[in-house]
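Protein chains in written order, with my numbering: chain A, 15 to 91; chain B, 43 to 392.
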């Protein structure tokens with residue numbers, strides 16, 4: 015499991031995001047126009063690709079894309 | 043787990059009624075252009091139908107039922123049970139079903155009562171009315187719908203643009219030849235706060251002081267008399283439970299998903315239904331959607347989707363359907379059944 019795959023999935027899901035702009039340390043809430051609808055897209059994306067359902071609490075505590083990736087890795091192990 | 047089957051009950055007709063007035067998502071005052079596009083992408087809602095102040099959910103159900111009864115020329119004297127499933131009754135009391143019994147000129151030997159359920163309500167209502175019919179009643183009228191647009195604050199972008207109004211009528215009767223319906227009904231009160239109108243009844247009675255709107259986040263402003271919705275909680279609940287509920291139902295009915303002609307799910311959000319479909323590995327053409335034109339119509343969404351998207355098929359063919367409703371409560375329910383050919387119609391309330 016690679017963090018770059020997660021980045022690729024997020025960039026392809028969020029239409030408004032130019033490819034190559036996200037890094038592991040990017041704070042995903044700082045994506046321009048971030049809203050609760052982005053959170054739903056993110057939950058659906060992670061569920062679809064990794065079969066992991068992120069809780070509201072996990073999402074609230076995560077800051078960067080690496081944080082999200084680590085939650086997925088922990089939940090899969 | 044509440045799994046059970048009921049045989050010998052057939053569908054005679056399904057009619058739906060929506061208000062004439064259309065409201066476009068892109069016209070919502072609190073959305074920027076980017077938000078509006080993202081909203082349409084996520085929820086799938088392009089427009090919805092909104093009833094004017096004087097029209098109630100029972101008016102929409104009445105119009106659907108009156109047209110159904112006239113078109114099918116059914117003997118009203120044979121209707122021995124009327125159930126109204128809604129969370130927007132005419133009054134706190136009496137039950138709206140009893141008012142509708144008189145309006146529809148049904149006999150006094152027709153039992154009538156309300157069921158207070160939201161998005162799972164059509165499947166729950168089917169299970170109750172079918173059980174009663176199975177016990178010796180001739181015909182039953184299931185009226186299901188909501189006027190959800192009265193419950194939200196215009197200043198709350200997390201709820202206001204989601205909901206549309208609709209009322210539906212389903213006529214059922216006893217028929218020994220009819221195939222079995224297989225139900226799987228569930229509930230979880232620990233999720234009661236995920237979708238709630240907190241004030242206005244006996245736990246927290248209505249008082250004018252709480253009419254004042256509080257801003258929870260930018261663009262999310264409402265009073266405690268309004269509907270509050272925790273989008274992430276509801277979304278997670280749906281992703282966790284709906285595919286599971288459907289699979290358990292199919293397993294109980296001993297039907298493979300390939301034998302199901304259509305999966306008709308509650309229309310809460312396109313992203314939820316797409317995710318469930320992907321989990322189940324079912325193609326898009328088997329998941330009819332009506333949300334783009336009508337929004338989330340609560341308990342009416344399943345019969346409305348049948349009236350809108352399966353009208354031609356169901357008028358001509360015998361179909362195997364899997365219906366699944368889920369939401370407020372939390373409450374969720376799936377049923378596997380066979381239906382058709384029957385009359386199905388969509389009516390606009392002028």
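Don't be surprised by glycine CBs; every beta carbon is placed ideally from N, CA and C.
Check	Outcome
Within 7 Å, strictly: CB atoms of residue 443 of chain B and residue 208 of chain B	Since the first and last residues shown for chain B are 43 and 392, residue 443 of chain B lies out of range.
Beta-ladder partner(s) of residue 391 of chain B, from DSSP	B:61
Chain-order list of residues whose beta-carbon lies under 6 Å from that of residue 318 of chain B (same chain, five-residue window excluded)	284 and 285
Proximity test, Cβ basis, 7 Å: residue 313 of chain B and chain A	yes
Through-space distance from residue 178 of chain B to residue 329 of chain B, alpha-carbon basis	35 Å
Assigned secondary structure, residue 262 of chain B (DSSP; H/G/I helix, E/B strand, else coil)	strand
For residue 84 of chain A and residue 352 of chain B, the rounded distance between their alpha carbons	44 Å
Residues bridged to residue 379 of chain B (per DSSP)	B:363
Cβ shell of residue 24 of chain A (< 8 Å), same chain only, five flanking positions each side left out	31, 36, 42, 56, 59 and 79
Contacting residues, own chain, Cβ-Cβ under 7 Å from residue 248 of chain B (five flanking each side not counted)	241, 242 and 267
Cβ of residue 320 of chain B within 7 Å of any chain A Cβ	yes
C-alpha gap between residue 160 of chain B and residue 325 of chain B, whole angstroms	27 Å
Stretch-stretch touch, CB-based, cutoff 8 Å, three pairs: the stretch 245-263 of chain B with the stretch 217-224 of chain B	no
Cross-strand partners of residue 228 of chain B (DSSP beta bridge)	B:374
Contact the stretch 105-119 of chain B vs the stretch 71-80 of chain B: 3+ CB pairs below 8 Å	no
Residue from B:149, B:105 and B:341 whose Cα sits closest to the Cα of residue 392 of chain B	B:105
Test: residue 15 of chain A CB closer than 7 Å to a CB of chain B	no
Residue 54 of chain A and residue 73 of chain B closer than 7 Å at C-beta	no
Test: residue 307 of chain B CB closer than 7 Å to a CB of chain A	no
Chain-ordered chain A contacts of residue 77 of chain B [CB-CB under 9 Å]	47, 49 and 51
Min CB distance residue 80 of chain B to chain A below 7 Å	yes
Pairwise C-alpha distance: residue 166 of chain B and residue 133 of chain B	22 Å
Residue 274 of chain B at chain A interface by Cβ criterion, 7 Å	yes
Secondary structure of residue 338 of chain B, DSSP reduced to three states	strand
Stretch pair the stretch 113-125 of chain B + the stretch 328-346 of chain B: three plus CB contacts closer than 8 Å	no
Helix, strand or coil at residue 327 of chain B [DSSP, three-state]	helix
Residue 34 of chain A classed as buried or exposed, judged by whether at least 16 other C-beta atoms fall within 10 angstroms	exposed
Complete runs of the beta strand (DSSP E) confined to the stretch 157-183 of chain B [at least 3 residues]	none
Chain-ordered chain B contacts of residue 34 of chain A [CB-CB under 8 Å]	Within chain B, no residue comes near residue 34 of chain A; the closest Cβ sits about 21 Å away, beyond 8 Å.
Burial state of residue 62 of chain B (16 or more Cβ within 10 Å)	exposed
Identity of the residues DSSP links to residue 223 of chain B by a beta bridge	B:48
Beta-carbon proximity check, residue 137 of chain B vs residue 188 of chain B, cutoff 7 Å	no
Boundaries of the alpha helix (DSSP H) in which residue 253 of chain B is found, first to last residue	First-last for residue 253 of chain B: undefined, no H or E at that position.
Residue 43 of chain B in three-state terms, based on DSSP	coil
Own chain, CB closer than 8 Å to residue 44 of chain B, minus 5 neighbours either side, in chain order	225, 226, 227 and 228
DSSP-derived helix/strand/coil call for residue 41 of chain A	strand
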